[in-house]
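Everything below concerns the one structure shown next.
There are 2 protein chains.
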Amino acid sequence: MKILLTNDDGIYADGLCALYKTLSLEHEVYIVAPEAERSAVGHAITIHYPLRVREIRKGKFFWGYAISGTPADCVKLAIYELIGPIDLVISGINRGANVGINVLYSGTVSAATEAKILGYPAIAISVDAYENIDYCFCAHFISSFLNKISNLPLGNLFCLNINIPNLNPYQIKGIKVVRQSKAKLKEIFEKRLDLHGKIYYWQGAEEYTETDPETDVVALKNGYITITPIQFDLTNYSDLEKLKEFFHSMVINF
Amino acid sequence: MKILLTNDDGIYADGLCALYKTLSLEHEVYIVAPEAERSAVGHAITIHYPLRVREIRKGKFFWGYAISGTPADCVKLAIYELIGPIDLVISGINRGANVGINVLYSGTVSAATEAKILGYPAIAISVDAYENIDYCFCAHFISSFLNKISNLPLGNLFCLNINIPNLNPYQIKGIKVVRQSKAKLKEIFEKRLDLHGKIYYWQGAEEYTETDPETDVVALKNGYITITPIQFDLTNYSDLEKLKEFFHSMVINF
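This is the structure:
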């Protein structure tokens, strides 16, 4: 397969490197990734500044294109300008899980969503840890997952958000297909003073309040590799029907 | 009502000013908005830099809080730190429509979505023009819409994406409740050379390929005020069921 790799941790990230090393043994792999970390940028795109493209080499070898923009920019620019049509986009391996509400803030997932918008199948991959990460296992899992991908009952266009627990492989309980949790994050804003006595805030999230085992948040915590298929239609169809009926019977005067 | 206003065009934007002037006649209105334009930032949040808050005055009067972050940051910071619980969040009035795929890139809509995530009802408002905008009509429309809001069959928690055509009020055909279009945008990347002969790209979108009159894109173009209820669950439930069945019958070896 012709695979485009991107991420939101930047082109030099270990997770991307591990994916490249493993997948390039069997596939034609291209890298177009942000020049530096762009996490929590959600589905941001760059329209008010020009985008710069830099060719990155590792020793003698061409490694990939570093982009001055966001993960979504990388996918667009790769497909429209730098690489052309591809068979699959893989975004990751992200350092830190992308489950629950965080899916909306995630640059990793947004890159995969952008691929689907453009008509290409995509996978976002994240590992649930920030230290001592076994990227090698994650990359091999994805490699063997790709061999089964043609059997998936999803046709040619899909977007999968995959999260991997950072456990020894024998401790992983299996694969679980789950919905995105909608439960609240416990968030904090910590107020601090700078060296000039002026206030600033750090934003952080503490933990999820989710308890349903059929959600990404809980299944991951319980030791499963989670798979959540992603869509990009934000319409709330249940509210849509109610509102249609309501406005149908209402007279509007301007 | 206790209303929080925000936007992605920045705290000095005309659309926000028009909303404030009209809504503050009947409601308790607070402003927490980005210190400068933050359009196309999607659902980005600021976690790698501290957030700064600046009190803005217009002459003698306190106008609102300018935030160094994104629209989603503004809503969080307003509710967790600066204002506390409110009855409604209104994001806008945005200069330029937010329909179709652009809903995913929109800071305006993401601020409203963030409010819903936090448990507060919200409305995003955009007007389909970049010049000669009648913000006054838009603000009055919203003001009268708010008087009907308690009749909406949606309970206490909703998120509505409203787009207003920039027409004379008598030319507007009515209100239409429509789904978000998923059709492709015709996008361009224009390659240019800087003064040092180095390449850069401008990203832009030309037009929508949508034709279905029951979508936000086409209804707005046809002269309707469009209303699309928004959700933040990105799970593709149709694919979820197919995958559950598939993985249920598959043996995984790690």
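For the protein sequence lines, the chains are A and B, in the order given. Position one of the first sequence corresponds to residue 1 (my numbering), numbered consecutively onward. Position one of the second sequence corresponds to residue 1001 (my numbering), numbered consecutively onward. Using N, Cα and C, we set each Cβ at its ideal position, and we do this for glycine too.
Chain B within 9 Å of residue i, Cβ atoms only
i	result
A:L243	yes
A:I142	no
A:P213	no
A:R57	no
A:V177	yes
Host beta strand (DSSP E) of residue i (start-end)
i	result
B:K1176	G1174 to V1177
A:G64	F61 to I67
A:Y224	Y224 to P229
A:I3	K2 to T6
Neighbour list for residue i in chain B, Cβ cutoff strictly below 7 Å
i	result
A:N236	P1229, I1230 and Q1231
Local Cβ density within 10 Å of residue i, reported as buried at 16 or more and exposed below that
i	result
B:C1136	exposed
B:D1014	exposed
A:T215	buried
B:L1104	buried
B:R1192	exposed
A:Q171	exposed
B:K1002	exposed
B:K1116	buried
B:R1057	exposed
A:F62	exposed
A:R179	buried
A:H248	exposed
A:H43	buried
B:L1016	buried
B:S1238	exposed
B:K1176	buried
B:I1225	buried
B:A1066	buried
Residue-level contact to chain A via CB, residue i, 9 Å cutoff
i	result
B:T1108	no
B:Y1080	yes
B:H1043	yes
B:P1153	yes
B:L1240	yes
B:N1161	yes
B:K1221	no
B:T1006	no
B:K1184	yes
B:T1022	no
B:T1209	no
Within chain A, the residues that residue i reaches when beta carbons sit closer than 7 Å
i	result
B:W1202	P50
B:E1035	Those do not exist, as B:E1035 stays about 13 Å from chain A at its closest Cβ, beyond 7 Å.
B:V1103	L234
Residue span of the alpha helix (DSSP H) that contains residue i, given as start and end
i	result
B:S1238	Y1237 to H1248
A:Y105	N102 to Y105
A:L220	D216 to K221
A:T22	D14 to L23
Neighbouring residues, chain A, relative to residue i (Cβ below 9 Å)
i	result
B:V1053	I199, Y200 and Y201
B:L1193	None at all; the shortest Cβ gap to chain A is about 11 Å.
B:E1187	K76, Y80 and L118
Cross-chain neighbours of residue i in chain A, by beta carbon under 8 Å
i	result
B:A1040	A44, I45, T46, I47 and H48
B:D1073	Q203
Chain B contact residues for residue i, given Cβ-Cβ distances below 9 Å
i	result
A:F246	N1151, L1152, P1153, L1154 and V1177
Under 8 Å from the C-beta of residue i: neighbouring residues of chain B
i	result
A:T62	Residue identity differs from the one stated: residue 62 of chain A is Phe in this sequence, not Thr. What A:F62 touches in chain B: nothing, since even the nearest Cβ is about 17 Å away.
Cutoff 9 Å: residue i Cβ touching any chain D Cβ
i	result
B:N1151	Protein chains A and B are contained in the structure displayed, whereas chain D is not.
**OP:** Please specify which runs of the beta strand (DSSP E), each continuous and at least 3 residues long, are wholly inside the stretch 1142-1200 of chain B, giving them in chain order.
**Re:** 1159-1164, 1174-1177 and 1185-1193
Original post:
Which parts of the stretch 1035-1062 of chain B are runs of the beta strand (DSSP E), unbroken and 3 residues or longer, counting only runs that do not cross its ends?
Top reply: 1053-1058
**OP:** Starting from the N-terminal side, write out each stretch of the alpha helix (DSSP H) that is 4 residues or longer and does not extend beyond the stretch 63-140 of chain A.
**Re:** 71-77, 102-105 and 107-117
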